[in-house]
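In the UniProt record's numbering, the protein residues as written are 1 to 338.
Glycine included, each C-beta is placed from N, C-alpha and C at the ideal position.
All of these numbers come straight from a predicted model, not from anything done at the bench.
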Amino acid sequence: MHAIVMHTPGDPSVLQYVELPKPQLNSSTALLVQLKAAGVNPVDTKIRAKGPMLINTNSPTVLGCDGAGIVTAIGSEVTRFNPGDAVWFCYGGLGGLTGNYADYILIDETIAQPMPHTLDFIHAAAAPLVLITAWEALYDRAQLHSNQTVLIHGGAGGVGHVAIQLACLRGARVATTISNNEKAALVRELGAECVINYRDTDMNTAIAEWTQGRGVDVVLDTIGPEVFRQSIPLVAPYGNLVTILNPGGEFDWIEARVRNLRISLELMLTPQLRTLPDALLAQGRILQHCAQWFDSNQLRIHIAATMPLAEAAAAHQQLEAGGMMGKLVLTPTIANAV
1 MHAIVMHTPG DPSVLQYVEL PKPQLNSSTA LLVQLKAAGV NPVDTKIRAK
51 GPMLINTNSP TVLGCDGAGI VTAIGSEVTR FNPGDAVWFC YGGLGGLTGN
101 YADYILIDET IAQPMPHTLD FIHAAAAPLV LITAWEALYD RAQLHSNQTV
151 LIHGGAGGVG HVAIQLACLR GARVATTISN NEKAALVREL GAECVINYRD
201 TDMNTAIAEW TQGRGVDVVL DTIGPEVFRQ SIPLVAPYGN LVTILNPGGE
251 FDWIEARVRN LRISLELMLT PQLRTLPDAL LAQGRILQHC AQWFDSNQLR
301 IHIAATMPLA EAAAAHQQLE AGGMMGKLVL TPTIANAV
């Protein structure tokens, strides 16, 4: 099979398009999935640049956490799927050969979920990581509920554009930050009420006006340490500030303490990194729930571009350049031949 591999960390040029042996069933509950598409996420570029997150794995590393495809073979004790079933999932890509930048992947049947009926493989492959991240950040960490206000930084990005929709589905009112008119139009379509172009609008003033000086109940930071720091005075007393990135650096926590804020960290990869089967099952239930929303036209995924698997390095360059709306997706050559 074809796959994109990296032997050492580095810039996008370390990604190589090579032939690898096709995986073989290795357990009674395994699925062999022919991948039709693989989502590209910022974590892929970070692993490529810094090295695998999972240690004690054999080189090379196949990247890619998000996948969608067709089950082609099943283990003797598999009960949930049959050959020919369409599945989507977020698993692998953190080290070793288990990753979705490839023609095939082996996963346990507990990891895979039936693909939403209304999605094609490209949209399905783009969705799992950002869905689970946004769900856990808003629903689990921040405990968002109806009639609350939430500020989502980077609302046109991969996690951001999904988070806007999940917040609206929970009955919350949404503010978001963007950088241009095209992104403003997208986030308004998705349900954002207060749209702040941070290039020409003072964020503190905009949030104060929108909330009548109270501050928002929840902030979701998808950008990084400086935005995390700037968000503290935007949160209402007893509110929630959640970041999906390392907040880094030294902060003056006085204002956060005076406001009695709850600070939360969100990393949806923890169940894989710490081998937590129950948490993986919980993430599967998130995908099941979101599949129902897709099939009832209450949820959508915005695709920025689709590129052939062989052009993974170019996809990484495009993602790292910034300014992306929605998600990038890679498609294996074999996907177009079946």
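Between which two residues does the alpha helix (DSSP H) containing residue 158 stretch?
-> In the DSSP annotation of this structure, the continuous segment of the alpha helix (DSSP H) that includes residue 158 starts and ends at 158–169.
Where the alpha helix (DSSP H) containing residue 203 begins and where it ends = Run containing residue 203: 203–210, per the alpha helix (DSSP H) assignment.
Consult DSSP for residue 254 and reduce its assignment to one of helix, strand or coil.
-> Annotated three-state conformation of residue 254 is helix, per DSSP.
Count the other C-beta atoms from every protein chain shown that fall within 10 angstroms of the C-beta of residue 50, then say buried if there are 16 or more, exposed otherwise.
-> Exposed.
Mind the definition here: the region 171–184 touches the region 236–247 only if three or more C-beta pairs lie below 8 Å; say whether that holds.
-> By the Cβ test, the region 171–184 is not in contact with the region 236–247, since fewer than three Cβ pairs between them sit closer than 8 Å.
Can you name the start and end residues of the alpha helix (DSSP H) that residue 19 belongs to?
-> From DSSP, residue 19 is part of no alpha helix (DSSP H) but of the beta strand (DSSP E) over 16–19.
By Cβ distance below 7 Å, which residues in the same chain neighbour residue 80 in space, the five residues on each side in sequence not counted?
-> Counting only residues of its own chain and dropping the five nearest sequence neighbours on each side, residue 80 has a CB closer than 7 Å to the CB of 109.
In whole angstroms, what is the alpha-carbon distance linking residue 219 and residue 102?
-> Cα to Cα, residue 219 sits roughly 36 Å from residue 102.
Ordered along the chain, which non-local residues of its own chain (more than five positions away) have a Cβ less than 8 Å from that of residue 13?
-> Cβ within range, chain order: 313.
Taking residue 284 as part of the beta strand (DSSP E), name the residues at either end of that continuous run.
-> No beta strand (DSSP E) holds residue 284; the alpha helix (DSSP H) holding it covers 277–295.
Assuming residue 303 contacts residue 126 (C-beta within less than 8 Å), just tell me the rounded distance between them.
-> Contact holds; Cβ gap of about 6 Å.
Since residue 130 is in the alpha helix (DSSP H), which residue starts that stretch and which ends it?
-> From DSSP, the alpha helix (DSSP H) with residue 130 extends over 128–135.
Start and end residues, alpha helix (DSSP H) containing residue 187 = For residue 187, the enclosing alpha helix (DSSP H) starts and ends at 181–190.
Exposed or buried, residue 327, counting other C-beta atoms within 10 Å across all chains shown (16 or more means buried)?
-> Residue 327 should be labelled buried.
DSSP beta-bridge partners of residue 327 | Paired residues: 303.
Look up residue 43 in the DSSP assignment and give the residues it is bridged to.
-> According to DSSP, which records beta bridges pairwise, residue 43 is partnered with nothing at all.
Which class does residue 85 belong to by DSSP, given the choice of helix, strand or coil?
-> Coil at residue 85, not helix or strand.
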